[in-house]
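Q: Each position in the sequence shown, counted from 1, maps to that position plus 219 in the numbering used here. Before I ask anything, here is the structure I am working with.
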Amino acid sequence: MSLDIKVTKTTEPRERPQDESKLGFGRIFTDHMFLMDHNEKEGWHNLRIVPFGYLPIHPASTVLHYGVEIFEGMKAYRNVKGEIVMFRPDENGKRMNNSAERLCLPEIDSQMWMEILDTLVKMEKDWVPYSEGSSLYIRPFEFGNDENLGVHAVHNTTFAVILSPSGAYYAEGINPVKIAIESRDVRAVRGGTGYAKCGGNYAASLRAGKVAAEHGYTQVLWLDGVERKYIEEVGAMNVMFKINGEIITPALTGSVLPGITRKSCIELLRDMGYKVTERLISVDEVIEAAKNGTLEEFWGTGTAAVVSPVGWLSYQGEEYTIGDGRIGEVTQKLYDTLTGIQWGHIEDTKNWIHKVC
Ligand SMILES: *Cc1c(COP(=O)(O)O)cnc(C)c1O
């Protein structure tokens, strides 16, 4: 298949950042972006790559009033062989379609998804940073764009992809983070949109994040929305606990986002011979394990950090140190293996790496 994408090149290419240590995350964008529109009659149409810039939006646009928006987050890397690659981009495409189904937005065919990403990333390949750990962050997103205030499934949708060269997540080495268990707000409930990657989930999470930050915690650990009893996940990461030698991660009950890093970590850990269990795990069980010393390791998994060790956990005014507050053995091994596959230090036997060019 070859898509008909109309390309309009910028006449004012921007200076690429020289100092990659100062990239940060999501602040700088490349010269071009991808856009297309959808309605029932025409399907996806007007596929175009245009100079990066503002989008004209009608003041009554659905997304501005009712938050009908879904997105994905992925990376393109420059690996040790000098190739530009992506990690399991087909999985992001499937998840985008699951999110679309939940919000009554149109789905994107898997071949079309891959061709859009390949075309745009290839065109912007000079923007993929060179230093190890840095990457080109890819943000595909889709939103309801009807120009009226009626509340109903949308008829007009816009899909876009923007690219942002971003710095290494662990510029100063892998430092364990401090996490606060949230007992007031909840992020999602079963039957809601927790499993969909939609903007509204983040909107609901900001207040708890702000309070946690004021107390010196970088992230919030969410509990289930019904009983506030079971562990769900952290802001933009799934979580895994090592208790008494066994690795436990919350089951995907509908309110937890099915992370691609989570899925990949489970597979790698099982390959390494660890017992990994997906089940409900209560906050009481975790706190008890933290108190009696059987909570050996605790980490988060997500595209941004890949694997992020948690050193400290707070719950109801008490703070618990995990292990000795330093990165644990399994956490380190998992980080090294997964980033090794992504950067090409370790052979990709699972066909997870997609070569762009
Ligand atoms: C994106 C996201 C994750 C991580 O998913 P990955 O596919 O591993 O990047 C976890 N939780 C939430 C809420 C997310 O939005």
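Quick reminder that beta carbons are idealized off the backbone N, C-alpha and C, glycines included. Remember, predicted model here, so these are calculated numbers, not experimental data.
I need the straight-line Cα distance from P287 to G369, nearest angstrom please.
A: Translated into positions along the sequence shown, residue 287 becomes position 68. Translated into positions along the sequence shown, residue 369 becomes position 150. For the sequence presented, residue 287 should be read as Val rather than Pro. Going by the C-alpha atoms only, they are around 13 Å apart.
Q: Return the first residue and the last residue of the beta strand (DSSP E) that Q438 is part of.
A: Working through the sequence shown from its first residue, we reach residue 438 at position 219. Counting along the chain, the beta strand (DSSP E) containing Q438 begins and ends at 438-442.
Q: Would you mind reading off the limits of the alpha helix (DSSP H) that contains E548?
A: Sequence index remark: in the sequence shown, residue 548 carries index 329 (1-based). Counting along the chain, the unbroken alpha helix (DSSP H) around E548 starts and ends at 548-562.
Q: Is T338 helix, strand or coil by DSSP?
A: For the purposes of this step, residue 338 is identified with residue 119 of the sequence shown, where counting begins at 1. T338: helix per DSSP, three-state reduction.
Q: Suppose the cutoff is 8 Å on Cβ atoms and the five residues either side in sequence are ignored; what does the same chain contact list for S501 look like?
A: Counted from its first residue, the sequence shown places residue 501 at position 282. Counting only Cβ-Cβ distances below 8 Å, and skipping sequence neighbours, we find K448, Y449, I450.
Q: For ligand 1, I want to know if I452 counts as a neighbour, meaning its beta carbon is within less than 7 Å of at least one of the ligand's heavy atoms.
A: Residue 452 sits at position 233 when you count from the first residue of the sequence shown. Reading off the sequence shown, one finds Glu at residue 452, where the question assumed Ile. Yes - ligand 1 has a heavy atom lying nearer than 7 Å to the Cβ of E452.
Q: Could you tell me which whole beta strand (DSSP E) segments of length 3 or greater appear in the stretch 255-314?
A: Counting only runs of 3+ residues, the beta strand (DSSP E) found wholly inside the stretch 255-314 occupies 262-270, 288-290, 293-297, 303-306, in chain order.
Q: Touching or not, the stretch 363-381 and the stretch 230-244, by the rule of three or more beta carbon pairs under 8 Å?
A: no
Q: Does ligand 1 have a heavy atom nearer than 7 Å to the CB of R481?
A: Position 262 of the sequence shown, counted from the first residue, corresponds to residue 481. R481 Cβ: within cutoff of ligand 1.
Q: W518 and V526 - do their beta-carbons sit closer together than 8 Å?
A: In the sequence shown, counting from the first residue as 1, residue 526 sits at position 307. In the sequence shown, counting from the first residue as 1, residue 518 sits at position 299. Cβ distance < 8 Å, so V526 and W518 count as in contact.
Q: For K416, verify whether its CB is less than 7 Å away from any heavy atom of ligand 1.
A: Your numbering for residue 416 matches position 197 in the sequence shown. Checking every heavy atom of ligand 1 against the Cβ of K416, one is found closer than 7 Å.
Q: Take G563 as the anchor and find which of E537, N298, I467 has the nearest alpha-carbon.
A: Here residue 563 is taken as the residue at index 344 of the sequence shown, counted from 1. Considering only alpha carbons, the answer is N298.
Q: Measure the C-alpha to C-alpha separation of S280 and Q330 and round it to an integer number of angstroms.
A: Mapped onto the sequence shown, residue 280 falls at position 61. Mapped onto the sequence shown, residue 330 falls at position 111. The straight-line gap from Cα to Cα measures roughly 29 Å.
Q: How many whole angstroms separate the CB atoms of I466 and A508, which I take to be in contact at a CB cut-off of 8 Å?
A: As a working mapping, residue 466 is identified with position 247 in the sequence shown. As a working mapping, residue 508 is identified with position 289 in the sequence shown. Actually they are not in contact, since the Cβ atoms of I466 and A508 sit about 13 Å apart, beyond 8 Å.
Q: Return yes when the Cβ of L355 is within less than 8 Å of the Cβ of P348, no when it is not.
A: Numbered from 1 along the sequence shown, position 129 holds the residue referred to as residue 348. Numbered from 1 along the sequence shown, position 136 holds the residue referred to as residue 355. Yes, the pair counts as a contact, with Cβ atoms nearer than the cut-off.
Q: For E310, collect the residues of the same chain with a Cβ closer than 6 Å to its Cβ; drop the 5 residues on either side in sequence, then sort them by chain order.
A: Position 91 of the sequence shown holds residue 310. I479, listed in sequence order.
Q: Which complete alpha helix (DSSP H) runs does the stretch 484-543 hold, if anything under 4 residues is left out?
A: Secondary structure within the stretch 484-543: the alpha helix (DSSP H) runs of 4 or more consecutive residues, fully enclosed, are 502-511 (chain order).
Q: Using 8 Å as the cut-off, can you tell me whether the stretch 385-395 makes contact with the stretch 414-428, which would need three or more C-beta pairs spanning the two stretches below that distance?
A: no
Q: Measure the C-alpha to C-alpha separation of P278 and E548 and round it to an integer number of angstroms.
A: Along the sequence shown, one-based indexing puts residue 278 at 59. Along the sequence shown, one-based indexing puts residue 548 at 329. If you take the alpha carbons of P278 and E548, they lie about 52 Å apart.
Q: Flag this pair as yes or no: are the beta carbons of V380 and I572 separated by less than 8 Å?
A: Reading the sequence shown from its first residue, position 161 is the one you call residue 380. Reading the sequence shown from its first residue, position 353 is the one you call residue 572. The answer is no: Cβ separation not under 8 Å.
Q: With S424 as the anchor, note down where its alpha helix (DSSP H) starts and where it stops.
A: As a first step, residue 424 must be located in the sequence shown, where it is residue number 205. Segment 418-433, the alpha helix (DSSP H) holding S424.
Q: For the beta strand (DSSP E) containing L382, name the first residue and the last one.
A: As a working mapping, residue 382 is identified with position 163 in the sequence shown. First-last of the beta strand (DSSP E) with L382: 376-385.
Q: Looking only at its own chain, which residues have a Cβ that is under 7 Å from the Cβ of R489, when we skip the five neighbours before and after it?
A: Along the sequence shown, read from residue 1 onward, the residue named residue 489 stands at position 270. Contacts found: V495.
Q: Buried or exposed for T568, please, with buried defined as at least 16 other CB atoms from any protein chain shown within 10 angstroms of its CB.
A: Position 349 of the sequence shown, counted from the first residue, corresponds to residue 568. Exposed.
Q: Confirm the yes/no value for this check: CB of M456, any heavy atom of ligand 1, distance under 7 Å.
A: Here the question's residue 456 lines up with position 237 in the sequence shown. Yes, Cβ of M456 sits closer than 7 Å to a heavy atom of ligand 1.
Q: Using the beta-carbon count (16 or more within 10 Å), is F460 buried or exposed?
A: Working through the sequence shown from its first residue, we reach residue 460 at position 241. Looking at its Cβ environment, which holds 16 or more other Cβ atoms inside 10 Å, F460 is buried.
Q: In three-state DSSP terms, what is A319?
A: To locate residue 319, count along the sequence shown from 1; it is residue 100. Reduced to three states, the DSSP call for A319 is helix.
Q: Enumerate in chain order the residues of its own chain whose CB-to-CB distance from L274 is below 7 Å, with the five nearest sequence positions on each side excluded.
A: Locating residue 274 in the sequence shown gives position 55, counting from the first residue. Exclusion of the five residues before and after L274 leaves no residue of its chain whose Cβ lies closer than 7 Å to its Cβ.
Q: For R468, does the three-state DSSP call read helix, strand or coil?
A: To locate residue 468, count along the sequence shown from 1; it is residue 249. In the sequence under discussion, the amino acid at residue 468 is Thr, which differs from the Arg named in the question. Strand.
Q: Which term fits N457, buried or exposed, when burial requires 16 or more other beta carbons within 10 angstroms of its beta carbon?
A: Residue 457 sits at position 238 when you count from the first residue of the sequence shown. Per the 10 Å Cβ criterion, buried.
Q: Say yes only if the C-beta of L274 is nearer than 7 Å to one or more non-hydrogen atoms of ligand 1, and no if none qualify.
A: Within the sequence shown, numbered from 1, the residue matching residue 274 stands at position 55. False, no ligand heavy atom lies under 7 Å from that Cβ.
Q: Between G473 and ligand 1, is the CB less than 7 Å from at least one heavy atom?
A: The residue given as residue 473 occupies position 254 in the sequence shown. G473 Cβ: outside cutoff for every heavy atom of ligand 1.
Q: Roughly how many whole angstroms lie between the Cα atoms of T558 and H371?
A: Within the sequence shown, residue 558 is the residue found at index 339, counting from 1. Within the sequence shown, residue 371 is the residue found at index 152, counting from 1. So the alpha carbons of these two residues sit roughly 43 Å apart.
Q: For W346 versus P308, is the C-beta spacing smaller than 8 Å?
A: Along the sequence shown, read from residue 1 onward, the residue named residue 346 stands at position 127. Along the sequence shown, read from residue 1 onward, the residue named residue 308 stands at position 89. Contact flag unset, no.
Q: Distance check for S402 and L254, CA to CA, integer angstroms please.
A: Locating residue 254 in the sequence shown gives position 35, where the first residue counts as 1. Locating residue 402 in the sequence shown gives position 183, where the first residue counts as 1. C-alpha separation (whole angstroms): 40 Å.
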